[in-house]
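Below is one structure, written out as C-alpha cells, with a few remarks after it.
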Ligand SMILES: [Zn+2]
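Residue numbers (this note's numbering): 1011 to 1459.
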C-alpha cells in the first residue's frame, strides 16, 4: 500500500506539473513516443551519449574556472547532457587539488588575469598530471570579456591575439609537407561546415608549435591560415592536450555553425581520455606488472576506423610482447573450447576466459599466447596467478584486451559478441543486453574480495 501511495502522489505531482508547465510536458511526451516507435531504439547520438556516461561512471572530469566564460554555463550544460560526473574548482584551489583523481580536466575560456596567473604558478602540476596519463582540454579563447591572457600550454606552446570571424577546418598533421589534404574528419568538427564563422570565431592562434616534437594535429585554422584548434600528446605519449581558441562556449546553444563544437569536443575528450588503471586500488589484482593505460576505450563506436563502426567490447591496455598476464581474480577457466589460446586462428581468437568467483562475471583476456594454466574448462585459477603472455599484435601495437561479461554468452561466440567487438549495427542497448560492461567502471564499482 505504501508503494501505491507513493505512485499516486507522484502521479498527482506530475499532473500538477503538467498544468504548470504544459510546454515542457508536451515536449517530453513527444520524445517518449518517438523513441518507442523507432528502431533501433537509440540513434547514434544517444548511443554515444550513453557510451560516454558508461565509460565515465565513477566520476571524473574537473572543470576549472573562476567565472563563467562569456557569462554562459554551457560547459556545465554539456557535461550534464553527456551524463558526465564532474567537479568544479576555481584557480585558487588548483594548488590543493589532486589532479590525478580526474580522467580529464577542462580549463574554461575567457577568464580574468588572476586565473591565468594562478594556473601558470601551478603549471608543473599539470605537466605531471599529463605525464601520468591525464588529458587536458584547454579552452584557450582569452582576451574576451574578462581580458585575461594565458601564458603557455604544456610543452611551451604560446599564442598571439588575433580575433577572426572566419575559420576553416584543416585537420592535418603539423609536420607533414605542404601537400596536405583536407580531411574534415576529426570528430570535434565532423558535423561542421568549412569555413565556419562567428563574430569572433577565434580569439587568437597558437604559435611556437615546433616546441612539441611529437605530431601536432591541427584541426582548425583562422583566416590567416594559423592554427586555432590543436591536439597533441605530451609526457612520453601518455598525456593528451586538446586546445582551441575558438569561442565554443559562447556559440553553444546559439543559432550558429559553431554550436556543435563544444559538445563534440567534450565528447571526444571523454572518449579519448585515458586514465592510469589501478586494479589493485579497486580491490582486484593487476593483470600486468607495468604501468597500465587504456589505449582503446570501451565501446568507442565512432572514432576508430579499424573497427568500422563496430563497438569495442572491452578495453585495450598497452603492453609489450610476452609481458606476463595475471588473473585479476580467483576463479576458473570457462568456455572451452572457445577459450583455447589458439595462435593459429589469429590474434582475435587467442583468448582465455576466466569466471571470477566473486562478482559473478567473466573476464576475457585477449591477444594472449603461451598459456600458463590448463585450458580445460573448470581449471581453478588463483588471483594474481600468471595465466599467459601478451601476444604480438597484428599491427605491431601489442596490447592486452580485457573484456567483462556478466552473462554466459561470451563463451561460445565468434569474433563478434563473443570477443572483442559488436556487429556494426549493434546499439548500445544490445551491447548491454549481451552482458558487456566497461571494465573500468565495472571493476571500480564492484570492489574485489
Ligand atoms: Zn581490444
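All residues carry an ideal CB built from backbone N, CA and C; glycine is no exception. Quick caveat: nothing in here was measured; it's all calculated off a predicted structure.
Inset, instruction - Give me the Cα-Cα distance between residue 1434 and residue 1307, rounded to the nearest whole angstrom. - result: Counted from its first residue, the chain shown places residue 1434 at position 424. Counted from its first residue, the chain shown places residue 1307 at position 297. When rounded, the distance between both Cα atoms is 17 angstroms.
Inset, instruction - Can you give me the Cβ contacts of residue 1075 inside the same chain, cut-off strictly under 6 angstroms, excluding the 5 residues immediately before and after it? - result: If you number the chain shown from 1, residue 1075 lands on position 65. If we look at residue 1075 and ignore the five residues flanking it on each side, its Cβ neighbours are 1118.
Inset, instruction - For the beta strand (DSSP E) containing residue 1141, list its first residue and its last residue. - result: The residue you call residue 1141 lines up with position 131 of the chain shown. Per DSSP, residue 1141 belongs to no beta strand (DSSP E); it is in the alpha helix (DSSP H), 1133 to 1141.
Legend entry - Status (buried if at least 16 other CB within 10 Å, exposed otherwise) for residue 1261: In the chain shown, counting from the first residue as 1, residue 1261 sits at position 251. With 16 or more Cβ atoms within 10 Å of its Cβ, residue 1261 is classed as buried.
Inset, instruction - Tell me whether residue 1448 counts as near ligand 1, meaning its Cβ is closer than 6 angstroms to at least one heavy atom of that ligand. - result: As a working note, residue 1448 is residue 438 in the chain shown. For ligand 1, not one heavy atom lies less than 6 angstroms from the Cβ of residue 1448.
Inset, instruction - Using beta-carbon positions only, say whether residue 1360 and residue 1373 come within less than 7 angstroms of one another. - result: Within the chain shown, residue 1360 is the residue found at index 350, counting from 1. Within the chain shown, residue 1373 is the residue found at index 363, counting from 1. Result no, Cβ atoms of residue 1360 and residue 1373 do not sit closer than 7 angstroms.
Legend entry - Where residue 1451 falls: helix, strand or coil (DSSP): Counting from one through the chain shown, the residue named residue 1451 turns up at place 441. Helix, per DSSP.
Inset, instruction - Return yes when the Cβ of residue 1152 is within less than 7 angstroms of the Cβ of residue 1159, no when it is not. - result: The sequence position of residue 1159 within the chain shown is 149, counting from 1. The sequence position of residue 1152 within the chain shown is 142, counting from 1. Their beta carbons are under 7 angstroms apart, which means residue 1159 touches residue 1152 by this criterion.
Legend entry - heavy atom of ligand 1 below 6 angstroms from residue 1328 C-beta: Within the chain shown, the letter at position 318 stands for residue 1328. Residue 1328: no, Cβ never under 6 angstroms from ligand 1.
Inset, instruction - Would you mind giving the Cβ-Cβ distance between residue 1253 and residue 1148, rounded to the nearest angstrom? I have them listed as a contact below 8 angstroms. - result: One-based indexing of the chain shown puts residue 1253 at position 243. One-based indexing of the chain shown puts residue 1148 at position 138. Sure, about 4 angstroms apart at Cβ, within 8 angstroms.
Inset, instruction - Express the C-alpha separation of residue 1453 and residue 1053 in angstroms, rounding to a whole number. - result: Sequence index remark: in the chain shown, residue 1053 carries index 43 (1-based). Sequence index remark: in the chain shown, residue 1453 carries index 443 (1-based). Caution applies to residue 1053, whose pLDDT of 45 falls short of 50 and renders its modelled position unreliable; the model cannot decide the point.
Legend entry - Test item: CB-CB of residue 1410 and residue 1449 under 7 angstroms: Within the chain shown, residue 1410 is the residue found at index 400, counting from 1. Within the chain shown, residue 1449 is the residue found at index 439, counting from 1. No. Outside cutoff.
Legend entry - Straight-line Cα distance separating residue 1280 from residue 1097: On the chain shown, position 87 is the one that residue 1097 refers to. On the chain shown, position 270 is the one that residue 1280 refers to. Their Cα atoms are separated by approximately 14 angstroms.
Legend entry - Closest residue to residue 1228 among 1273, 1241, 1173 and 1171 (Cα-Cα distance): Here residue 1228 refers to the residue found at position 218 of the chain shown. Of 1273, 1241, 1173 and 1171, the residue nearest in Cα terms is 1241.
Legend entry - Residues near residue 1121 in its chain [Cβ-Cβ closer than 6 angstroms; skip 5 each side]: Within the chain shown, residue 1121 is the residue found at index 111, counting from 1. 1076, 1156 and 1158, listed in sequence order.
Legend entry - Among 1368, 1278 and 1218, the one whose alpha carbon lies nearest that of residue 1116: Counting from one through the chain shown, the residue named residue 1116 turns up at place 106. When each option's Cα is compared against that of residue 1116, the closest is 1278.
Legend entry - Those runs of the beta strand (DSSP E) which lie wholly inside the segment 1256 to 1332 and span at least 3 residues: 1304 to 1306 and 1325 to 1328
Legend entry - Under the three-state DSSP convention, the category residue 1110 falls into: Looking up residue 1110 in the chain shown gives position 100. Helix, per DSSP.
Legend entry - Whole-number beta carbon distance between residue 1396 and residue 1336, since they are thought to touch under 8 angstroms: As a first step, residue 1336 is located in the chain shown; it is residue number 326 there, counting from the start. As a first step, residue 1396 is located in the chain shown; it is residue number 386 there, counting from the start. Residue 1336 to residue 1396, Cβ: 5 angstroms. Contact.
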